[in-house]
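Student: One structure, as structure tokens, below. Some questions next.
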Amino acid sequence: MRYPAVSYVRQNNILLLRSFMILLLSCVAIKLDLCFSSIPSSLKTLSLNGHFTFDENEFAARDYGNKYHFLPMAVLHPKSVSDIATTIQHIWQMGPSSELTIAARGHGHSINGQAQAQGGVVINMQSLHGPEMHVHMGRFPYVDVSGGELWINILHETLKYGLAPKSWTDYLHLTVGGTLSNAGISGQAFRHGPQISNVHQLEVVTGKGEIINCSEEQNADLFHSVLGGLGQFGIITRARISLEPAPKMVKWIRVLYSDFSTFTRDQEYLISAENTFDYIEGLVIRNRTGLLNNWRTSFSPQYPVQASQFTSDGKTLFCLELTKNFNPGKTNTINQEIEGLLSQLRYIPSTLFMSEVPYVEFLDRVHASELKLRSTGMWEVPHPWLNLLIPKSKIHRFAGEVFGNIATDTNSGPVLVFPVNKSKWDNRTSFVAPEEDVFYLVAFLSHAIPLSTGTDGLEHILTRNKRILDFCEAAHLGGKQYLPHYTTYKEWRAHFGPRWEVFQQRKSAYDPLAILAPGQRIFRKAISIL
């Protein structure tokens, strides 16, 4: 009878163990339910100048990319920086038992859900009220602005003093905190560097809820961490932006090339010349209706007859887009400078298109296109953009395969290709770039609409993007993604390369619970359930 008794005891032990596990899991579930159900009420108890909304927050679950839709538990509409700090401190003090995370949302122009926080808190940065913009007129002029301010508003304010920021993005209806958390690149970057190279000082709320002023002289590590830091180390609530004298007018020029080598040679010459244009960008165009007057504005050809007779025979063309700033009364001098610069270039002579527009109209050129696209419903479609930084030494190999075989049309949106000088970038920031003195931004700014063949335009573009990325990896081009989007630890570590350890250390120092910017999918908040 001994052996059956032993068997009986074992069975009872197994049953007891199962019962204990069920009880334990039930307790955990009850604790989590209590914890989660108490979160909204605990947020409601915070003393704020602004307020939370817990319903009808669908706007915070969308972005310009229109691919990811993660609904937050709450949206904070701050009226002061202390509102943001108080909210972060509250979640920080809840510790790892809470799943709450926080994302700062500016104008919602992210493309892969980077400004979303599923089940967390989204901070509506455009509602942040702080001291009014203040323009300092000294020898080195600057403007102090809120992190939730739009660049277009900064332009209008600084122009009252005859000044403007030095470096821009192509689209100005973005917030300061949003672009400084990435880089901020446009056709002025070859000369002035990106926007993150033109900041004197920041006010930041860290992942612990601390409000810290930082610059190259004060709290320098945090300053450099946050610039290009993808929102991982703090929320930018105020910034001091460098300014320069602003012109009133712009000579806006486009010329065409049929040969990529000639196109890049001229671009590289222009960004290295002492006397050059003020803005330099390039586009890849497959010949079609509205070749030059496509997505930004209208141009008048310098030689109408020749331009009207020009055809590309179905080949891919490369458009060099240039501007020269000037003030009224100096038109003759500027025309002479432009003529001298153009004489050094080898574009197709019959394709010189030129326009003269106010400085503001040029900088805000994409907004005019936005209004047209909104009127047709095209602004709200998915935008599966792919932005790459390709070393100068590999750009021809990249172009041969990508423009020759993979991306053989540009009908889904503009394709930008232009070089910048790395010497204008600060390698102490969190931003990572290719290891060469000159590298190219290649941007596929696609919009996804159903194709005429009945196939899904979004899937078609995503497949093309993957083919481009797969080629870059297989060919060992040494490129980097700009506005990077990865989903695994291995991919992020590869992106940062030897700088990954520093990036991790900065995260541990300024946001150790990984509360901030969960939509970047770099770090996952560690949850303790007991």
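Sequential numbering of the sequence shown, starting at 1, is according to UniProt numbering. Here a beta-carbon is modelled for each residue, glycine too, at the ideal position from N, C-alpha and C. Computed from a predicted structure; not experimentally measured.
1) For Asn327, I'd like the list of residues in its chain whose CB is within less than 7 angstroms of its CB, leaving aside the five on either flank, ordered along the chain.
2) Could you please give the first and the last residue of the uninterrupted beta strand (DSSP E) stretch that includes Ile440?
3) Is it the case that the Cβ atoms of Gly130 and Ser110 are separated by a distance below 7 angstroms?
4) Using C-beta distances below 8 angstroms, list every residue in its chain close to Lys480, excluding the 5 sequence neighbours before and after it, in chain order.
5) Can you list, in chain order, the residues of its chain whose CB lies under 7 angstroms from that of Met137, leaving out five sequence neighbours each side?
6) Taking Val402 as part of the beta strand (DSSP E), name the residues at either end of that continuous run.
7) Relative to the C-alpha of Tyr347, which candidate in Arg265, Asn421, Ala399, Ala368 has its C-alpha closest?
8) Span of the beta strand (DSSP E) holding Thr482?
9) Output the distance between the C-alpha atoms of Ala517 and Asn57, rounded to the nearest integer angstrom.
10) Assuming Leu174 and Gly106 make a contact with CB atoms under 8 angstroms, what is their CB distance in whole Å?
11) To the nearest angstrom, how far is the alpha carbon of His447 from that of Thr463?
12) Please confirm whether Lys392 and Glu321 have their CB atoms less than 7 angstroms apart.
13) What does the alpha-carbon distance come out to for the pair His200 and Pro141?
14) Can you give the Cα-Cα distance for Cys381 and Asn411, rounded to whole angstroms?
15) If you run the structure through DSSP and keep just helix, strand and coil, what is Phe318?
16) Just verifying my parser: in three-state terms, what is the DSSP assignment at Ile236?
17) Pick out whichever of Tyr64, Val420, Ile211, Leu76 has its Cα sitting closest to the Cα of Ser167.
18) Is there contact between the region 268-281 and the region 218-233, where contact requires at least three CB pairs shorter than 8 angstroms?
19) Three or more beta-carbon pairs under 8 angstroms between the region 42-49 and the region 66-83, yes or no?
20) Mind listing, in chain order, the continuous alpha helix (DSSP H) runs of no fewer than 4 residues lying wholly within the region 205-276?
21) Report yes if the C-beta distance between Thr101 and Ile515 is below 7 angstroms; otherwise report no.
22) Any idea what DSSP makes of Ile196, helix, strand or coil?
23) Let's see if you can read the secondary structure: which residues bound the alpha helix (DSSP H) around Ser369?
24) Under 7 angstroms, do Ala103 and Gly519 count as touching if we go by C-beta distance?
25) Nearest-angstrom Cα distance between Lys525 and Pro96?
26) What does the alpha-carbon distance come out to for the pair Leu155 and Tyr359?
27) Classify Met378 as buried or exposed, calling it buried when 16 or more other Cβ atoms lie within 10 Å of its own Cβ.
28) Whole alpha helix (DSSP H) runs in the region 111-191 with 4 or more residues, listed along the chain?
29) Between which two residues does the beta strand (DSSP E) holding Phe503 run?
30) Determine the DSSP secondary structure at Gln201, reduced to helix, strand or coil.
31) Taking Cβ to Cβ, would you say Thr169 is nearer than 7 angstroms to Gly184?
32) What residue range is occupied by the uninterrupted alpha helix (DSSP H) comprising Leu462?
33) Between Gln344, Phe503, Ala443, which has its C-alpha nearest Ala399's C-alpha?
34) Going by beta-carbon coordinates alone, are Ile123 and Leu76 separated by less than 7 angstroms?
35) Considering only the beta carbon of each residue, do Leu458 and Trp385 sit closer than 7 angstroms?
36) If you run the structure through DSSP and keep just helix, strand and coil, what is Asn421?
Tutor: Inspection of the coordinates gives the following:
1) Pro247, Lys248, Met249
2) According to the sequence displayed, residue 440 carries Tyr and not Ile. Run containing Tyr440: 438-444, per the beta strand (DSSP E) assignment.
3) no
4) Leu388, Leu389, Val432, Ala433, Pro434, His495
5) Tyr161
6) It is not in any beta strand (DSSP E) - Val402 carries neither H nor E in the DSSP assignment.
7) Arg265
8) Looking at the sequence shown, residue 482 is not Thr but Tyr. First-last of the beta strand (DSSP E) with Tyr482: 480-482.
9) 18 angstroms
10) 7 angstroms
11) 14 angstroms
12) no
13) 11 angstroms
14) Just to set this straight, residue 381 is Val in the shown sequence, not Cys. If I take the Cα positions, the gap works out to 15 angstroms.
15) strand
16) strand
17) Val420
18) no
19) yes
20) 220-226, 260-272
21) yes
22) helix
23) 365-376
24) yes
25) 8 angstroms
26) 10 angstroms
27) exposed
28) 151-159, 176-180
29) That residue, Phe503, is in no beta strand (DSSP E); its alpha helix (DSSP H) goes 500-510.
30) strand
31) yes
32) 457-474
33) Ala443
34) yes
35) no
36) strand
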